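Residue numbers (numbering that gives the first Met the number 0): 0 to 614.
Let me begin by presenting the structure, written as structure tokens, before commenting on it.
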Amino acid sequence: MPHPRVLYWFRTDLRVHDSPALHAALALEPQCLYPVWCWDPHYVREARVGPNRWQFLIQCQRDLSASLTRLNPAQRLLVLREAPGTLLPKLFKEWAITHLVFEKDTDSYAAQRDAEIVKLAQEADVQVITRTGRTLWDPAAIIKENGGKATMSLTSFMKASKNLGDPPKPLPEPSSIPDPGDLSLSFLNTVPPTVIDLNKLHRQKHDDESYSALAGPNSDFAPPTLEELGIPESTATTPHQGGETVALTQLAKLLEDSKFIATFEKPKTAPTAFEPAATTLLSPHLHFGSLSVRRFLHDVQRVTSAYKGSKSQPPTNLPGQLYFRDMYFAAQHAVGPAFSHTVGNPVVRYIPWHLPSTMPPSPTAPYTIDSPRAHAWFLRWAWGVTGFPFVDALMRQLRQEGWIHHLGRHMVACFLTRGGAYVDWERGAEVFEELLLDHEPACNLGNWMWLSCTAFFAQYYRCYSPVAFGKKWDPHGAFVRRYVPELRGFADKWIYEPHLAPEAEQRKAGCFIRDLEDGGLLPLKTQAAGQVYYPSPMFDFAERRDFCLAQMKKAYQVGLHGDDPRVRDGTAKAELFEQVESSENTTTASTHKRKRTRSTNEAGPLDGWVKKGKK
DNA sequence: ATGACGTTGTATGA
DNA sequence: TCATACAACGTCAT
């Protein structure tokens with residue numbers, strides 16, 4: 000191949016440092032290099048992406064574009080507004096591409112898409128080169144070492160990875176890149192049909208205009224703006240910044256504190272710490288690839304080996320966190336698309352949760368409202384108005400900033416599922432998908448299974464208390480005061496349980512604790528103008544914990560997994576869990592009636608609270 | 001078969 | 001600041 004013309008397809012590798020795929024592209028000694036980002040409708044419309052993550056992504060794209068220009072003034076990131084499946088074959092022809100290069104992505108959707116793209120490239124006589132780069136090890140290689148089985152514990156993962164040797168050393172940033180070829184485009188873009196638009200809720204300004212022109216409104220291939228996407232800038236409220244430059248600066252700063260790096264123990268870091276947080280906050284960069292996971296590992300190992308003194312070990316140290324990430328990627332790879340839900344998933348335990356996913360999946364009615372009460376609990380959880388200050392503080396921090404500490408995620412996930420509301424973990428995973436900057440499908444899904452004790456973890460009797468767990472880390476409640484400002488005036492004694500404060504204390508604190516009306520879905524009817532209120536707890540936690548514990552015990556005895564045919568056809572709940580249903584249902588309609596009146600939600604899952612709650 | 005272990009629980013009592 | 005009961009899960013090494 001004398002004059003390779005390379006299309007480098009950027010996806011979740013928005014960086015120029017340690018990019019094995021970019022190095023592979025440059026090793027071809029190309030005559031020209033096209034650095035392309037395709038505006039995949041899977042991301043634009045089908046995945047749940049909140050304003051904060053849109054902003055973070057755009058920042059990553061802009062920073063990458065600037066880096067490419069630094070490496071060659073004629074270069075920039077070419078953002079094209081069309082689906083890869085229809086766009087890439089046209090580009091192969093238009094730019095006489097000889098090689099397509101990209102970093103492997105083993106997420107379920109991406110793997111399927113990439114297989115199709117590889118086929119299209121072969122049909123166009125374009126050679127495809129891929130490299131593993133998103134994880135420390137290739138998930139497929141890990142699973143092969145693990146005998147084809149999903150890695151369900153860190154022990155099995157570590158054993159499998161040991162046979163593969165150390166992860167590759169990080170590669171340096173290239174000193175230069177070749178010119179692009181001719182950038183003219185002789186065709187208009189094909190606008191993908193809108194079948195699903197899970198992000199419609201966020202497009203308050205106007206409809207999505209990201210597909211209005213192939214190379215952007217100014218024909219300059221620029222990354223989109225929030226304005227173009229119809230998302231008001233004011234709704235992106237995160238203080239966290241995207242981009243490789245920010246990521247590497249943040250990493251360098253962390254590495255200066257060798258004691259922090261070498262003695263890091265995750266369970267000893269406080270979920271209540273803010274400004275600064277107790278952990279590295281590098282996870283969003285790992286997701287978008289603005290930081291290489293191998294670069295992170297290598298730098299941590301270098302600083303740790305130079306550190307004099309006793310050091311922390313996996314699984315609690317910093318490398319241990321990265322191993323867990325890889326473990327989830329490998330498990331997802333082994334299970335396939337079913338990893339994202341219960342039905343058909345062989346590794347997940349079946350629990351007859353409230354608000355189960357609709358089968359077959361439907362984007363307009365994603366779940367069944369089997370219990371209006373549980374639905375209200377779910378919405379109140381998602382919007383941080385449960386009446387449990389620690390839970391609400393965490394959920395509001397998540398919504399505002401797009402990041403909460405790992406242990407905080409444990410707390411709210413346990414609370415929604417096996418330790419409180421008894422709501423399906425898939426509902427919680429969807430809310431996290433929308434709000435987290437660092438949303439990594441494999442890790443998010445894996446951790447939700449972990450915390451709901453449906454896979455990876457089974458000690459369901461270890462249950463987090465929304466009062467005790469907060470107090471343990473932050474006895475004075477500074478974290479609660481920061482994110483639930485209406486409670487600021489309460490004394491430490493009441494900060495985690497303000498509903499127990501006498502009326503006089505509430506008056507002194509300038510905030511009254513009152514029940515929400517209509518089963519908790521509506522704000523108070525009787526509130527006075529100018530008066531500040533905070534809701535009473537949405538349920539008796541001790542009572543709910545006991546109930547959940549009993550249900551979990553029963554479900555473990557029944558012992559069904561997601562791939563059981565009785566789970567798929569819906570008979571499992573009816574035939575094996577009748578007693579579960581009736582034992583909880585003491586106050587509302589009978590089991591019989593509820594089953595017949597089961598309805599699905601027409602609006603988006605969070606529609607109810609949004610408008611009414613915001614007033 | 002058996003026992004140790006598993007990243008990160010809570011309440012109680014000394 | 002410890003230790004222990006709570007009621008008791010799955011995985012892995014032996």
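Don't be surprised by glycine CBs; every beta carbon is placed ideally from N, CA and C.
Values in this document were obtained by computation on a predicted structure and should not be read as measured data.
Residue i versus residue j: straight-line alpha-carbon distance, rounded
{"i": "Glu580", "j": "Trp402", "result": "Since pLDDT at Glu580 reaches only 46, below the 50 mark, its modelled position is unreliable, and the value read off the structure follows with that caveat. Cα-Cα distance, rounded: 35 Å."}
{"i": "Lys157", "j": "Gly407", "result": "According to the sequence provided, residue 157 is Met. The question's Lys does not apply to it. Going by the C-alpha atoms only, they are around 26 Å apart."}
{"i": "Leu486", "j": "Ala337", "result": "42 Å"}
{"i": "Gly215", "j": "Leu90", "result": "16 Å"}
{"i": "Thr244", "j": "Ser257", "result": "21 Å"}
{"i": "Phe389", "j": "Pro465", "result": "6 Å"}
{"i": "Tyr210", "j": "Tyr533", "result": "43 Å"}
{"i": "Thr587", "j": "Trp376", "result": "The predicted model places Thr587 with a pLDDT of 31, which falls under 50 and marks its position as unreliable, so this point remains unresolved."}
{"i": "Lys636", "j": "Arg44", "result": "Past the edges of the chain, shown from 0 to 614, lies residue 636, and the structure says nothing about it."}
{"i": "Glu504", "j": "Val411", "result": "28 Å"}
{"i": "Arg593", "j": "Gln312", "result": "Because Arg593 sits at a pLDDT of 24, beneath the cut-off of 50, its placement in the model cannot be relied upon, and the following sentence gives the value as read from the coordinates. Approximately 51 Å, taken between the alpha carbons."}
{"i": "Ile57", "j": "Pro50", "result": "11 Å"}
{"i": "Asn584", "j": "Arg14", "result": "Reliability of the predicted coordinates at Asn584 is poor, the pLDDT of 43 falling under 50, and the value obtained from them is presented with this limitation in mind. Answer to the nearest angstrom: the Cα atoms are 53 Å apart."}
{"i": "Arg348", "j": "Glu208", "result": "42 Å"}
{"i": "Trp382", "j": "Thr363", "result": "21 Å"}
{"i": "Asp423", "j": "Ala392", "result": "22 Å"}
{"i": "Gly335", "j": "Asp137", "result": "15 Å"}
{"i": "Thr154", "j": "Asp113", "result": "31 Å"}
{"i": "Pro318", "j": "Phe263", "result": "10 Å"}
{"i": "Glu226", "j": "Thr234", "result": "11 Å"}
{"i": "Ala573", "j": "Ser304", "result": "57 Å"}
{"i": "Gly147", "j": "His332", "result": "10 Å"}
{"i": "Leu435", "j": "His2", "result": "43 Å"}
{"i": "Leu321", "j": "Ala528", "result": "50 Å"}
{"i": "Lys118", "j": "Leu21", "result": "21 Å"}
{"i": "Arg4", "j": "Pro179", "result": "9 Å"}
Start-to-end residues for the beta strand (DSSP E) that takes in residue i
{"i": "Cys462", "result": "No beta strand (DSSP E) contains Cys462, which DSSP labels as neither H nor E."}
{"i": "Tyr7", "result": "Arg4 to Trp8"}
{"i": "Gln396", "result": "Looking at the DSSP string, Gln396 is not in any beta strand (DSSP E); the run it does join, the alpha helix (DSSP H), is Pro388 to Glu400."}
{"i": "Arg130", "result": "Gln126 to Arg130"}
{"i": "Leu548", "result": "No beta strand (DSSP E) contains Leu548, which is instead part of the alpha helix (DSSP H) from Phe540 to Val557."}
{"i": "Tyr36", "result": "Note on identity: in this sequence residue 36 is Trp, with Tyr being the wrong assignment. Cys31 to Cys37 is the extent of the beta strand (DSSP E) around Trp36."}
{"i": "Pro138", "result": "Per DSSP, Pro138 belongs to no beta strand (DSSP E); it is in the alpha helix (DSSP H), Pro138 to Glu144."}
{"i": "Met78", "result": "Here the sequence assigns Val to residue 78, which means Met is not the residue at that position. Residues Leu77 to Leu79."}
{"i": "Arg534", "result": "Here the sequence assigns Pro to residue 534, which means Arg is not the residue at that position. Where Pro534 is concerned, the enclosing beta strand (DSSP E) stretches over Tyr532 to Pro534."}
Expected contact under 8 Å - CB spacing of residue i and residue j to nearest Å
{"i": "Gln99", "j": "Leu6", "result": "Reading off the sequence, residue 99 comes out as Leu, not Gln. Their Cβ separation, rounded to whole angstroms, is 5 Å, which keeps Leu99 and Leu6 in contact under 8 Å."}
{"i": "Leu213", "j": "Leu250", "result": "So it is not a contact: roughly 36 Å between Cβ atoms."}
{"i": "Pro88", "j": "Cys37", "result": "Incorrect: roughly 12 Å between the Cβ atoms, too far for contact."}
{"i": "Pro169", "j": "Asp17", "result": "4 Å"}
{"i": "Pro536", "j": "His498", "result": "6 Å"}
{"i": "Ala420", "j": "Leu197", "result": "23 Å between Cβ atoms; not a contact."}
{"i": "Arg293", "j": "Leu135", "result": "6 Å"}
{"i": "Lys150", "j": "Ala269", "result": "It is Thr, not Lys, that sits at residue 150 in the sequence shown. About 29 Å; that fails the 8 Å criterion."}
{"i": "Phe437", "j": "His286", "result": "The amino acid occupying residue 437 in the given sequence is Asp; Phe does not appear at that position. About 5 Å; that satisfies the 8 Å criterion."}
{"i": "His103", "j": "Thr85", "result": "Residue identity differs from the one stated: residue 103 is Lys in this sequence, not His. That pair is no contact at about 22 Å."}
{"i": "Ile176", "j": "Lys204", "result": "Contact doesn't hold; Cβ gap of about 36 Å is too wide."}
{"i": "Gln396", "j": "Tyr327", "result": "Actually they are not in contact, since the Cβ atoms of Gln396 and Tyr327 sit about 23 Å apart, beyond 8 Å."}
{"i": "Gln399", "j": "Thr236", "result": "5 Å"}
{"i": "Gly242", "j": "Pro283", "result": "Not confirmed; about 10 Å, so no contact."}
Span of the alpha helix (DSSP H), counted from its first residue to its last, around residue i
{"i": "Ile260", "result": "Ser257 to Thr262"}
{"i": "His286", "result": "Ser282 to Phe287"}
{"i": "Leu67", "result": "Pro50 to Leu70"}
{"i": "Ile512", "result": "Where Ile512 is concerned, there is no enclosing alpha helix (DSSP H), although the beta strand (DSSP E) it sits in stretches over Phe511 to Arg513."}
{"i": "Pro19", "result": "Pro19 to Ala26"}
{"i": "Phe414", "result": "His405 to Leu415"}
{"i": "Gly445", "result": "Pro440 to Leu450"}
{"i": "Pro171", "result": "Counting along the chain, Pro171 falls outside any alpha helix (DSSP H), and DSSP gives it neither H nor E."}
{"i": "Leu436", "result": "Where Leu436 is concerned, there is no enclosing alpha helix (DSSP H), given that its DSSP letter is neither H nor E."}
{"i": "Thr570", "result": "Thr570 to Leu575"}
{"i": "Tyr366", "result": "It is not in any alpha helix (DSSP H) - Tyr366 carries neither H nor E in the DSSP assignment."}
Check: residue i C-beta below 7 Å from any heavy atom of the ligand SAH
{"i": "Phe538", "result": "The ligand SAH is absent from the structure shown, which contains no ligand whatsoever."}
field: Touch test, the stretch 187 to 204 against the stretch 351 to 360, Cβ-Cβ under 8 Å, three pairs minimum
entry: no
message: Extract the residue ranges of the alpha helix (DSSP H) inside the stretch 301 to 338, only unbroken runs of 4 or more that lie entirely within it.
response: 317 to 334
- request: Could you tell me whether the stretch 464 to 483 touches the stretch 529 to 543, using the rule of 3 or more Cβ pairs below 8 Å?
  value: yes
- prompt: Enumerated in chain order, which unbroken segments of the beta strand (DSSP E) with a length of 3 residues or greater are wholly contained in the stretch 92 to 124?
  reply: 98 to 102
query: Does the stretch 115 to 128 come within contact of the stretch 141 to 157, defined as at least 3 CB pairs closer than 8 Å?
result: no
- prompt: Are at least three pairs of beta-carbons, each pair with one atom in the stretch 338 to 353 and one in the stretch 560 to 568, less than 8 Å apart?
  reply: yes
- prompt: Where in the stretch 188 to 274 do unbroken runs of the alpha helix (DSSP H), each at least 4 residues long, occur, reported from the N-terminal end onward?
  reply: 225 to 228, 243 to 255 and 257 to 262
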